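Comments concern the structure below.
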Amino acid sequence: MPRKPIWRKGPWHGRTGQLGGLLSEQPVLLRTAILVAYVTNIRVFLDGILFTAFAEQSIEEGPLKPTHDLMMPLTPSSSDEPVVTVTFPDGYTWRDDPDMDGDCLVQGGVSLFERAEGVSWRAEYWLPALPAEGPVVFSISVGEYSGTASVDGGTVIAAAKRAIDLWEQPEV
-1 MPRKPIWRKG
9 PWHGRTGQLG
19 GLLSEQPVLL
29 RTAILVAYVT
39 NIRVFLDGIL
49 FTAFAEQSIE
59 EGPLKPTHDL
69 MMPLTPSSSD
79 EPVVTVTFPD
89 GYTWRDDPDM
99 DGDCLVQGGV
109 SLFERAEGVS
119 WRAEYWLPAL
129 PAEGPVVFSI
139 SVGEYSGTAS
149 VDGGTVIAAA
159 KRAIDLWEQP
169 EV
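Just so we're aligned: the sequence shown equals residues -1 to 170 in our numbering.
Quick look at the structure:
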């Protein structure tokens, strides 16, 4: 049995010592001759959604700008970085916007990889809320390209109920 951790609250509160309910859906948001974007690893907790967004470019020249390094961390304000949004059934939109005050997607890490076959971008996001029943729409904009796909809010809520606490939380 793992040691009981010291619990600290922060933007990623709730994920340490928990397994989120996993969604089987991996929505493809965009598919062109040179670019594909999708969302995967959608893990749902009682207090939010953790997911990974990917964009894959099959050529070197395109909306994803390669570097000469194998991996280059991007800052959230980089103009070359894809923009991800999630819209709940009630119309509320969560944006990947570092200048936005209030509710926004929290970016946990982002990477841009140059490969022989093209360029790959990956970012992990925390969305600190759960939707109501209805379509939850994931959107991405990559340069001049954009696309959307949705998952069912009821499926998201059901996944949250499958989240598992690995340790008992202390009395507050």
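Beta carbons: idealized from backbone N, C-alpha and C, even for Gly. Predicted, not measured: the structure shown is a model, and the values here were computed from it.
Item	Value
For Gly60 and Leu33, which I take to be in contact (beta-carbon distance under 8 Å), what is that distance rounded to the nearest angstrom?	6 Å
Using C-beta distances below 7 Å, list every residue in its chain close to Met70, excluding the 5 sequence neighbours before and after it, in chain order.	Summary for Met70: the model assigns pLDDT 45, below 50, so the residue's position carries little reliability; its value from the coordinates is reported in the next sentence. Correct list, in chain order: Leu110.
Nearest to Leu44 by CA position, among Trp165, Asp150, Lys159, is which residue?	Lys159
In the segment 90 to 123, which residue ranges form an unbroken beta strand (DSSP E) of at least 3 residues, counting only runs that do not cross its ends?	91 to 93, 104 to 113
For the alpha helix (DSSP H) containing Gly152, name the first residue and the last one.	151 to 159
Going by other Cβ atoms of all chains shown within 10 Å of its Cβ, with 16 needed for buried, is Gly145 buried or exposed?	buried
Take the Cβ of Leu103 as the centre, count every other Cβ of all protein chains shown within 10 Å, and call the residue buried at 16 or more, exposed below.	buried
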